[in-house]
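Residue numbers (the UniProt record's numbering): 1 to 352.
Note that beta-carbon positions come from the ideal geometry of N, C-alpha and C, so glycine has one too.
Working notes for the structure below.
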């Protein structure tokens, strides 16, 4: 056996396994057979095919990794949401590593021993498997948007086992027929499904998840009126966006998650004027609530930054610095040019 090749040997000792352990053993056996096939040598990363979960009929869209010789394994992206995250990743629509927190999939990758956790190593030993060499140790993980990669549950174990077995069968046929995954209609995917215990395949149109604008409803009229009163009249524009924080936190559930950050930026000064962290629940509505509640604080921060920039450039001070954001009803308006931006700002003077 060549150095670095997979070596999976069953222990000679008979081990009595529970039903759950038997399911994991079958998963490891399917991964061993998939690794031995080395289908990534003729299957490119961009080839996508589907395997339906026999339990609920949900399609898992699969891609075989390894043609780039960097990461070897199989990824199964679950449902339309998973397929959309896969295609966004392939088209590089997400900046940097943002896709890591947005993908919805299960993966088996073949790693070095040092890449596995103690729990993974203990499970391999418990099931009676032995692996040796570089990129030879199966690692199974589930990914979900905003959550830390986690071990598989029993439903995922069974689904990934079926996906590995069907991927190996389909890859063997693709080796003989390079046109097997060429769709008759652009955009369709070849999907394998089980019916009456038998596997068959057909071309399907993917069911993408249509992302609609978030809708916010306030049932408390008094609270809504209070929020409206808090919104001051202001000049300028703010830009806002939310994203996952780079550090995970531990909530009530066992699985850690990444909170979301919302950032407000003044468009003119290009400076951050406020932010908010949402840990759980309806983060969009929480950001809207915080934006209204903290509007006075944010505007004050905007004015302070604008004043600082004006003083540095020797420009005039904008005329929107009344206390408590109240208009000066009795005032005379004198206009002067601003050496910084060329605009004219109003300057108020109380009438006696």
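Counting C-beta neighbours from all protein chains within 10 Å, is the total for residue i 16 or more, i.e. buried, or is it exposed?
| i | result |
| --- | --- |
| residue 60 | buried |
| residue 183 | exposed |
| residue 267 | exposed |
| residue 270 | exposed |
| residue 159 | buried |
| residue 203 | exposed |
| residue 226 | exposed |
| residue 279 | exposed |
| residue 104 | buried |
| residue 33 | exposed |
| residue 46 | exposed |
| residue 176 | exposed |
| residue 66 | buried |
| residue 164 | buried |
| residue 298 | In this prediction, residue 298 has a pLDDT of 48, which is less than 50 and means its spatial position is unreliable; nothing more can be read from the coordinates. |
| residue 171 | buried |
| residue 76 | buried |
| residue 196 | exposed |
| residue 251 | exposed |
Which residue comes first and which comes last in the beta strand (DSSP E) that contains residue i?
| i | result |
| --- | --- |
| residue 42 | First-last for residue 42: undefined, no H or E at that position. |
| residue 139 | 137–143 |
Check the C-beta distance from residue i over to residue j and give it rounded, since I have them as a contact under 8 Å.
| i | j | result |
| --- | --- | --- |
| residue 109 | residue 139 | 5 Å |
| residue 102 | residue 137 | About 27 Å separates the two Cβ atoms, so there is no contact after all. |
| residue 256 | residue 245 | About 12 Å; that fails the 8 Å criterion. |
| residue 83 | residue 206 | 5 Å |
| residue 167 | residue 62 | 5 Å |
| residue 144 | residue 152 | The pair is not a contact, with the Cβ atoms about 12 Å apart (cut-off 8 Å). |
| residue 189 | residue 201 | Their Cβ separation, rounded to whole angstroms, is 10 Å, which puts residue 189 and residue 201 out of contact at 8 Å. |
| residue 80 | residue 107 | About 19 Å; that fails the 8 Å criterion. |
| residue 265 | residue 238 | 7 Å |
| residue 88 | residue 111 | Between residue 111 and residue 88 the Cβ distance is about 25 Å, and since that is not below 8 Å, they are no contact. |
Since residue i is in the alpha helix (DSSP H), which residue starts that stretch and which ends it?
| i | result |
| --- | --- |
| residue 161 | 154–176 |
| residue 119 | 118–127 |
| residue 133 | Taken as a continuous stretch (DSSP letters only), residue 133 belongs to no alpha helix (DSSP H), as it is neither H nor E. |
Under a three-way DSSP split, which group does residue i fall into?
| i | result |
| --- | --- |
| residue 17 | coil |
| residue 194 | strand |
| residue 277 | strand |
| residue 267 | coil |
| residue 240 | strand |
| residue 319 | Residue confidence is low: residue 319 scores 41 on pLDDT, short of 50, so the model does not pin down where it sits. Its coordinate-derived value is still stated next. Reduced to three states, the DSSP call for residue 319 is coil. |
| residue 260 | strand |
| residue 29 | helix |
| residue 46 | coil |
| residue 300 | Low local confidence applies: a pLDDT of 49 at residue 300 is under 50, so the model's placement there is unreliable, with the coordinate-based value given in what follows. Residue state, collapsed to three classes: helix. |
| residue 23 | helix |
| residue 253 | coil |
| residue 222 | helix |
Check your understanding: Taking the runs of the beta strand (DSSP E) that are 3 residues or longer, which of them lie wholly in the segment 53–111?
Key -> 59–65, 73–78 and 105–111
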